[in-house]
Each structure stands twice: as C-alpha cells, then as structure tokens.
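Protein chains in written order, with this note's numbering: chain D, 9 to 270; chain H, 9 to 270.
Built from N, CA and C at the ideal position, the CB exists for glycine as well.
For reference, the structure discussed in these notes is given below.
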C-alpha cells in the first residue's frame with residue numbers, strides 16, 4: 009500500500025508490503041517543483057517515485073497532511089488519475105494506545121506529529137523525547153504508557169534564515185544548502201553569524217527539551233528519538249546519544265492501515 | 009546631543025547632556041507607524057519624543073542605523089526639517105579600544121552591534137557575553153582587553169512566530185504581545201506549542217552561548233550583559249545571573265560624539 013506524508017514543503021512517499029510488513033521509503037517530491045512548473049504534471053513525478061507495478065497491485069493509499077490546500081487538491085486529483093483512492097488520516101484524542109496531550113482541541117495537533125507519536129509508541133517501548141527536524145522542528149514528550157505530554161514547534165533551519173531576511177534590511181538570501189559545518193562557533197562574518205545562530209537556536213531548543221525531560225519523565229530513563237532530514241546534523245552538534253527512525257511517521261500510518269479494512 | 013538608534017523595526021532616541029555626561033532615554037518610534045500612516049508626519053512624532061527646547065540648544069545628532077533605506081530617507085529629511093544634522097556612525101576595524109572580530113570585512117558587522125561593543129568595553133571592565141534581544145537576538149563575545157571574538161544572529165521572538173506562519177499552512181498569526189508566561193513547559197495547544205518553542209529556541213541559543221563562553225574566555229570569569237526589549241524576559245526563563253544595560257548602544261554613540269568636534 010502507498011503511504012503518503014504531505015508535509016509543509018514536500019510530500020514523502022513509502023510503500024508498505026502487507027505480506028512482509030516491510031516499509032520501503034520511495035522518495036520525496038518538493039511541492040514547489042509541481043506548483044511552479046506545470047510543464048511536468050505531478051502524475052509523471054509520482055510515476056518516477058511509485059512504480060506502476062506497485063500501483064497495479066494496490067489501488068488504496070493512506071496518508072496524513074499538513075500541506076496547503078492547493079497542494080492537496082493537486083495531489084488528490086493526480087492520484088485519482090492513477091486510480092488511487094487515498095484515506096487521509098486525522099489526529100484523534102486517542103488511537104493505537106496513545107492519548108493526545110492537546111486535551112482541549114486534540115484535532116489541532118498536527119497529523120504528522122500524531123502519526124510519529126503512534127509510530128514511536130509502537131517502536132520504542134520507553135519514555136521518548138521525539139525530535140522531528142524538518143521544515144519546522146517539532147519536539148514531543150511521549151511516556152512509555154502512551155500518554156503524550158505536549159510539545160514545541162520551532163521554525164526549522166531554512167525558515168529561521170528566511171525570517172532574518174524578511175525582518176531586517178541587511179541580512180537577506182542565505183540558504184540551507186550553503187551550510188557544511190557541524191559544531192558551534194562564534195561567527196566571524198555575517199554568513200557564519202546567521203548560520204551558527206540558527207544552529208545554536210535549534211540545538212539550544214533540543215538541549216532545553218532534554219533538560220526539561222528529567223522533570224516530565226520524573227527522572228526515569230528516556231530515549232531521544234530523532235527523525236526528519238535535519239535531525240542527524242543537529243544531534244551531531246549536540247553530541248547527545250539518540251536513536252534515529254527515518255520512517256516513524258510511516259510506521260504510524262501503517263498502524264492506521266490495519267483499521268482501513270477492519 | 010540627540011542620540012539615534014535606527015533599528016530594524018523602530019528607531020530609539022536618547023539625549024546626552026554633555027555637561028552632566030548623563031544619557032536620558034527619550035523614547036522609540038515604530039517605523040510602521042510613520043511609513044504606513046503619512047497623515048502623521050515623522051517630524052511631529054519626533055517632537056513628541058524630543059523637546060523643542062533640547063533641539064534649540066543643540067543642532068547636531070549622532071546615530072547608527074541598520075534600518076531600511078526608506079526609513080533612513082524619511083528620518084534624515086524630517087530631522088533636517090527640524091534643523092538637525094546627523095553624523096551617522098559606521099562600523100570600523102578598531103575604535104575606542106575595541107578590535108572588530110569580523111577581520112575580513114569589519115564594515116559588515118551591524119553598526120548596532122558595534123556601538124554596543126564600544127559601550128560595553130567602556131562600562132564593563134570584564135570579559136562579556138553581550139545578549140541583545142530585539143527584532144533579532146544578537147550575541148557577541150567581547151574580551152576584557154577589547155578583542156571581539158565574533159557572534160551570532162538569531163531571529164527574534166516575533167520573527168520566529170512569523171516564520172512559522174509563512175512556512176506552514178496551519179500555524180499563522182501569533183503575535184508577541186499575546187505572551188505572558190515566563191519559564192518553559194510543553195505546549196498543550198498550538199498557541200503554547202509555538203510560543204514555548206520560540207522561548208526554548210531563544211533561551212537555548214543563549215544557554216549554548218554561555219556554555220561556549222568557557223572555551224572562548226579560557227574559563228576566566230565573564231559577565232552576561234543583557235540589553236534589548238526582550239532580554240529581561242529571556243534571562244528570567246534561563247534563571248542565569250546577568251547585568252542589564254538599557255543604554256549600551258547609546259553609551260557607544262556617546263563615545264563617538266567625543267571625536268565629532270576633536
């Protein structure tokens with residue numbers, strides 16, 4: 009079955025083989041590449057990620073989305089063209105043993121964070137601090153018994169660099185792929201001042217969360233569970249022990265797939 | 009003499025009385041209030057901040073600016089209308105005992121940061137970690153002997169909240185003045201998740217800088233010198249000892265005033 013993670017800036021795809029119960033990460037498509045360049049319809053981009061052989065075998069897909077409505081409209085119509093019906097999963101108050109910490113308005117918790125919580129609860133039989141470093145850096149506390157204790161949302165690296173460009177007259181146009189170095193040091197020019205500043209803010213937020221975890225997990229052991237494209241880089245700078253799960257969200261979607269046909 | 013700090017989002021004014029050598033903070037004018045509302049010319053706003061009695065006594069002003077060119081044009085023409093000639097100060101490689109850490113391109117260091125370095129060197133006879141929490145959060149390392157070791161630039165609180173609004177579909181429109189609480193806690197709704205996330209990133213960056221200061225100051229004592237509107241709030245969350253200087257930048261401008269007539 010096709011698993012879809014429609015994120016803020018790109019959509020990621022994976023294939024769950026129900027026979028082997030294995031999840032294979034297929035690839036990601038940046039939203040800008042199809043929203044700006046209509047010469048290459050999304051349907052063709054999808055066929056570069058998902059093989060037609062897989063699509064013939066299974067016409068159902070399951071996904072979650074925090075993407076903008078324009079992205080969703082195009083994604084749904086392109087998948088329908090390929091004969092695929094998508095079951096979009098919503099955040100709930102309780103599911104698969106996890107209790108949502110947003111007690112007043114559970115549906116307001118991002119569905120990407122919800123799926124990662126479900127996936128983590130199934131994979132990590134331990135208190136977990138989930139660090140998802142993508143377009144935004146999200147941090148969530150999840151107890152071993154499935155209680156979600158809430159979390160944080162911080163602008164990711166590129167959003168931070170953009171924010172300085174917009175808010176000031178002289179600090180424009182730095183992009184993430186210009187950054188190579190791990191570790192923290194004082195910046196001796198504007199480029200390093202800004203890129204190291206973003207690194208300090210992102211790693212600083214994670215360090216604050218790790219410190220707070222003692223209180224939240226009553227000084228019991230916990231795992232730092234890292235996912236998202238920028239996660240590994242940040243943890244190397246922090247030199248903190250962590251376990252990496254690239255498919256945490258997809259593991260959550262796979263759990264939801266069980267209920268599709270039940 | 010009128011002292012002017014033309015910042016990213018507002019201009020701040022102070023009066024230096026050369027006889028008493030005292031600096032009186034006069035007030036600030038947000039740039040949007042004159043750029044958007046031409047019905048109230050900047051000249052009138054200035055006269056609400058600076059008394060005509062002061063303007064008659066002294067027709068020279070000294071300032072530094074990181075503001076956009078539209079702001080500077082309006083500011084200069086309005087001050088000229090009031091008969092005031094402004095000596096805008098630029099960042100240098102060396103001045104008043106301070107050596108700029110941007111060795112390759114010293115002029116690229118923000119003049120607001122340069123003035124704060126000059127003011128700090130004169131006021132604080134100690135190694136200093138300067139934390140200026142304004143539109144951007146800037147952090148600078150300054151040795152007791154006047155050597156500047158470089159620094160960081162991080163989006164300030166409102167820029168971080170805006171960044172999430174721009175980079176994601178569902179996290180829009182949170183403003184700084186909605187925030188009351190000190191201290192850090194997991195967010196149990198989207199508002200708290202974002203505002204606490206910004207708090208964690210800003211305090212986390214400062215905490216990372218404090219940690220790095222041991223290395224930069226070779227484990228010698230140092231002061232955490234805090235300035236900028238958001239500084240006190242952040243330091244209360246960090247519960248770290250610090251000394252507050254509201255007029256650090258103006259103290260730097262006052263040092264430059266000595267050379268105006270020499």
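Note on residue 157(D): 16 or more other CB atoms within 10 angstroms of its CB, so buried under the neighbour-count rule. Within chain H, no C-beta atom comes less than 9 Å from the C-beta of residue 132(D); the nearest is roughly 18 Å away. Between the stretch 140-153 of chain H and the stretch 14-28 of chain H there are three or more inter-stretch CB-CB distances shorter than 8 Å, so the stretches are counted as touching. Note on the stretch 143-183 of chain H: whole beta strand (DSSP E) runs with a minimum of 3 residues are 144-150, 156-163, in chain order. Looking at the backbone, the Cα of residue 86(H) and that of residue 168(D) are separated by about 34 Å.
Listed in chain order, the non-local C-beta contacts of residue 163(D) below 8 Å within the same chain comprise 144, 145, 171, local neighbours out to five positions each way being set aside. Residue burial annotation: residue 268(H) is exposed, with fewer than 16 other C-beta atoms found within 10 angstroms of its C-beta. Residue 257(H) and residue 41(H) have their C-alpha atoms spaced approximately 23 Å apart. Residue state for residue 92(D) is assigned as coil, using DSSP reduced to three classes.
In the three-state DSSP reduction, residue 49(D) falls in the coil class, being neither helix nor strand. Against residue 224(D), the close residues of chain H are 194, in the order they occur along the chain (beta-carbon pairs closer than 8 Å). Excluding sequence positions up to five before and after residue 101(H), its CB lies within less than 6 Å of the CB of 108, 114, all in the same chain and listed in chain order. In this structure the stretch 227-234 of chain H does not touch the stretch 213-233 of chain D; the number of beta carbon pairs closer than 8 Å is below three.
In the structure shown, residue 82(H) falls within a helical segment according to DSSP collapsed to helix, strand and coil. The C-beta of residue 197(H) comes closer than 8 Å to at least one C-beta of chain D.
Scanning the stretch 177-247 of chain D for uninterrupted alpha helix (DSSP H) segments of 4 residues or longer gives 198-224, 239-246, listed from N- to C-terminal end.
Setting aside the 5 residues that flank it on each side, residue 89(D) is surrounded in the same chain by 51, each with a C-beta closer than 6 Å to its C-beta; the list follows chain order. Excluding sequence positions up to five before and after residue 22(H), its CB lies within less than 7 Å of the CB of 11, 31, 32, 33, 34, 255, 258, all in the same chain and listed in chain order.
Proximity to residue 93(H) across 213(H), 99(H), 71(H), 245(H) peaks at 71(H), based on C-alpha coordinates. For residue 71(H), the enclosing beta strand (DSSP E) stretches over residues 68-73. For the options 176(H), 78(H), 161(H), the alpha carbon positioned closest to that of residue 73(D) is the one of 176(H). The CB of residue 150(D) never comes closer than 7 Å to any CB in chain H; the least such distance is about 11 Å. One thing to note: residue 216(H) has its Cβ within 8 Å of the Cβ of residue 212(D). Bounds of any alpha helix (DSSP H) do not take in residue 19(D); it lies within the beta strand (DSSP E) bounded by 18-25.
Contact between residue 166(H) and residue 152(H) does not hold, since their C-beta atoms are separated by about 34 Å, which reaches or exceeds 8 Å. Here residue 251(D) is exposed, its C-beta having fewer than 16 other C-beta atoms within 10 Å. In the displayed model, residue 65(H) falls within a helix according to three-state DSSP. Look at residue 136(H): its C-beta is not under 8 Å from any C-beta on chain D. For residue 29(H) and residue 262(H), the gap between their C-alpha atoms comes out near 9 Å.
Residue 98(D): not part of any beta strand (DSSP E); DSSP gives it neither H nor E. Judged by their CB atoms, residue 125(D) and residue 148(D) are nearer to each other than the 8 Å cut-off. Residue 18(H) does not reach chain D, its nearest Cβ partner there being about 12 Å away, counting only Cβ pairs nearer than 9 Å.
By alpha-carbon distance to residue 239(H), the top candidate from 222(H), 112(H), 56(H), 138(H) is 138(H). The beta-bridge partner set that DSSP reports for residue 30(D) consists of 25(D). At a cut-off of 8 Å, the C-beta of residue 38(D) has no neighbouring C-beta in chain H. Within its own chain, the residues whose Cβ lies closer than 7 Å to the Cβ of residue 191(D), once the five positions on either side in sequence are excluded, are 245, listed in chain order.
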